[in-house]
Amino acid sequence: MAAEPVRPYAREDRPGSAVKKLGRSFYARPAIELAPDLIGKILVHRIGRKEYRARIVETEAYIGQHDLACHASKGRTNRTEVMFGRPGHAYVYFIYGMYDMLNVVASDVDDAQAVLIRAAEPLNGWNVDLSGPGKLARAMHITRRANNGVDLTGKKLFFIDAGAPRPKISRSKRVGVDYAGRWKHALLRFFDAGSPFVSRIRPMSGKRQGEEATR
DNA sequence: GCGTCGATGGCA
DNA sequence: GCCATCGACGCG
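Each number in the numbering used here comes from the position in the first sequence (counting from 1) with 4 added on.
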């Protein structure tokens with residue numbers, strides 16, 4: 005296991021820096037817009053003196069109660085409550101008995117949309133595999149217990165825009181949602197077309213998933 | 001390289 | 001009884 009990174013300095017905290025923390029308005033729009041715009045942004049998690057930092061390369065949009073792949077399609081429950089709340093908060097859930105998943109609440113109050121963070125490129129010389137939502141959350145120490153419902157405009161867990169140009173983005177079907185009826189076909193997974201840090205295309209069926217370039 | 005399967009626990 | 005996963009294992 006590679007040594008964990010210690011916070012060097014934080015440009016986004018300096019007055020006048022071009023690097024800026026994403027604010028509420030960035031998140032307050034449909035997940036289908038937010039998901040591709042989060043590609044290339046940097047996720048930061050601070051715990052004590054440690055800082056975990058990674059560049060997002062893959063996301064999925066879950067677009068509301070009518071989307072059968074979206075947890076909110078089950079209605080408002082203790083689990084899904086934060087998705088019905090304000091945008092710009094973390095929806096972290098626990099699944100398969102061992103994995104936590106980080107999602108970003110999008111849209112607006114009562115419109116339960118979210119973006120799943122699926123893969124990222126570790127930064128600051130951090131040598132770790134973040135290609136998959138379970139691995140990403142585990143390596144960055146993001147858990148349902150500690151982080152579900154936290155405000156992403158706060159000081160502990162947030163995204164920043166480092167001013168990098170928008171990468172070429174491809175899209176495909178979402179991973180692992182075969183139960184979702186016609187929604188399983190929707191092209192709501194977005195990824196940096198040139199990044200080697202994207203999670204592997206899901207096995208099964210021998211065929212490549214339909215992928216098409218955008219933008 | 002590709003398919004199959006078990007681990008493991010919260011949730012409806 | 002599912003499940004927005006992962007990694008180990010068997011095959012060839």
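Yeah, the Cβ is synthetic: ideal placement off N, Cα and C, and Gly gets one too. Since the structure is predicted, the reported quantities are computational estimates derived from the model, not experimental observations.
- With a cut-off of 8 angstroms on Cβ pairs, the segment 102-119 is in contact with the segment 64-75, counting three or more such pairs.
- The three-state reading of DSSP puts residue 86 in helix, counting H, G and I together.
- Around the beta carbon of residue 82, a 10 Å sphere encloses fewer than 16 other beta carbons of the protein chains shown; the residue is thus reported as exposed.
- Judged by their CB atoms, residue 148 and residue 100 are not nearer to each other than the 9 angstroms cut-off.
- Residue 45 places its beta carbon less than 9 angstroms from that of residue 60.
- Judged by DSSP secondary structure, residue 152 falls outside any beta strand (DSSP E); it is assigned neither H nor E.
- In terms of Cα proximity to residue 152, the closest of 35, 28 and 109 is 109.
- When the alpha-carbon of residue 171 is set against those of 48, 164, 85 and 43, the nearest one is in 43.
- The three-state secondary structure of residue 42, taken from DSSP, is helix.
- Bridge pairing for residue 104: 98 [DSSP].
- Here residue 8 carries a coil assignment [DSSP, helix/strand/coil].
- Counting every other CB atom within 10 Å of its CB across the protein chains shown gives residue 22 a total below 16, marking it as exposed.
- The continuous beta strand (DSSP E) containing residue 126 extends over residues 118-126.
- Here residue 24 is bridged, per DSSP, to 165.
- Rounded to whole angstroms, the Cβ separation of residue 127 and residue 18 is 18 angstroms, and the two are not in contact under 8 angstroms.
- Residue 26 and residue 166 have their C-alpha atoms roughly 10 angstroms apart.
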